[in-house]
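Colleague: Quick one: this structure, given as structure tokens, is what I'll be asking you about.
Chains as they are written, first to last, in our numbering: chain L, 1 to 112; chain B, 113 to 227.
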């Protein structure tokens with residue numbers, strides 16, 4: 001079955017770059033996603049990447065995709081305290097009616 | 113404003129009771145989903161529906177039931193058969209008219225506590 005793995009915690013200082021890593025198993029996934037969740041709230045889509053791309057940049061966010069290794073990363077430049085949240089990597093699952101399969105989430109803590 | 117609305121935000125249930133969580137969307141999305149979130153577990157899929165009057169079990173459907181009588185609505189019932197229902201429940205929807213991109217929009221969640 002599909003599985004998405006992420007490290008659980010990351011701690012950085014304000015102004016540094018953050019890199020959150022993810023590995024996935026479903027090679028048929030056409031889109032891969034990064035979602036952000038603030039405490040007590042739903043999930044907010046940050047960015048996504050199509051599987052035929054290697055990189056996507058959107059302001060402070062850079063997504064890198066290594067399809068051969070099934071590895072996805074999210075880099076946040078100039079990390080701010082407002083970036084503190086849980087970040088989820090997700091892949092779409094054709095076996096589950098295109099429902100998203102999520103990793104367990106990486107808690108990013110930004111200290112000033 | 114278009115969006116997806118879950119209610120209530122907080123819900124308390126006595127042991128042995130069934131409770132129903134509401135999820136409504138006005139995005140005209142065909143597909144809707146229910147996820148359960150526990151600390152350190154990420155999001156796990158409970159049920160999903162790709163079209164009105166049809167739904168499928170996800171990974172952890174036992175103890176839950178759903179209905180999809182209207183496109184806009186996908187209520188989730190947590191039954192007394194669910195052994196550990198205390199969790200944060202998230203509803204989502206997506207537009208299947210663009211089948212290659214399954215971006216999901218999420219509600220703000222319902223926190224269910226068994227007392």
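Ideal placement from N, C-alpha and C gives every residue a C-beta, glycine not left out. Please read these numbers as outputs of a predicted model, since none were measured by experiment.
Is residue 123/L helix, strand or coil by DSSP?
Modeller: With chain L covering 1 to 112 only, the question about residue 123/L has no answer from this structure.
Colleague: Evaluate residue 101/L with the Cβ neighbour count: other Cβ atoms within 10 Å of its Cβ, from every protein chain shown; 16 or more gives buried, anything less gives exposed.
Modeller: Buried, since its Cβ has 16 or more Cβ neighbours within 10 Å.
Colleague: Quick test of your reading: residue 18/L and residue 8/L, contact by CB under 8 Å. State the CB separation rounded to the nearest angstrom.
Modeller: In fact, because the Cβ distance is near 14 Å, the residues do not count as touching under 8 Å.
Colleague: When you compare each of 12/L, 23/L and 13/L to residue 5/L by their alpha carbons, which one comes out closest?
Modeller: Considering only alpha carbons, the answer is 23/L.
Colleague: Rounded to whole angstroms, what is the Cα-Cα separation between residue 217/B and residue 103/L?
Modeller: Taking the straight line joining both Cα atoms gives about 17 Å.
Colleague: What are the boundary residues of the beta strand (DSSP E) that includes residue 169/B?
Modeller: It spans 166-169 - the beta strand (DSSP E) in which residue 169/B sits, taken as one unbroken run.
Colleague: Could you tell me the alpha carbon to alpha carbon distance between residue 125/B and residue 106/L, rounded to whole angstroms?
Modeller: The straight-line gap from Cα to Cα measures roughly 30 Å.
Colleague: By the 10 Å Cβ neighbour count, where 16 or more other Cβ atoms means buried, how is residue 163/B classified, buried or exposed?
Modeller: When all chains shown are included, residue 163/B counts as exposed.
Colleague: Check whether chain L comes within 8 Å of residue 153/B, counting only Cβ atoms and requiring the distance to be less than that.
Modeller: Yes, residue 153/B counts as interfacial toward chain L.
Colleague: What residue does the beta strand (DSSP E) around residue 75/L start on, and which one ends it?
Modeller: Its beta strand (DSSP E) spans residues 71-76.
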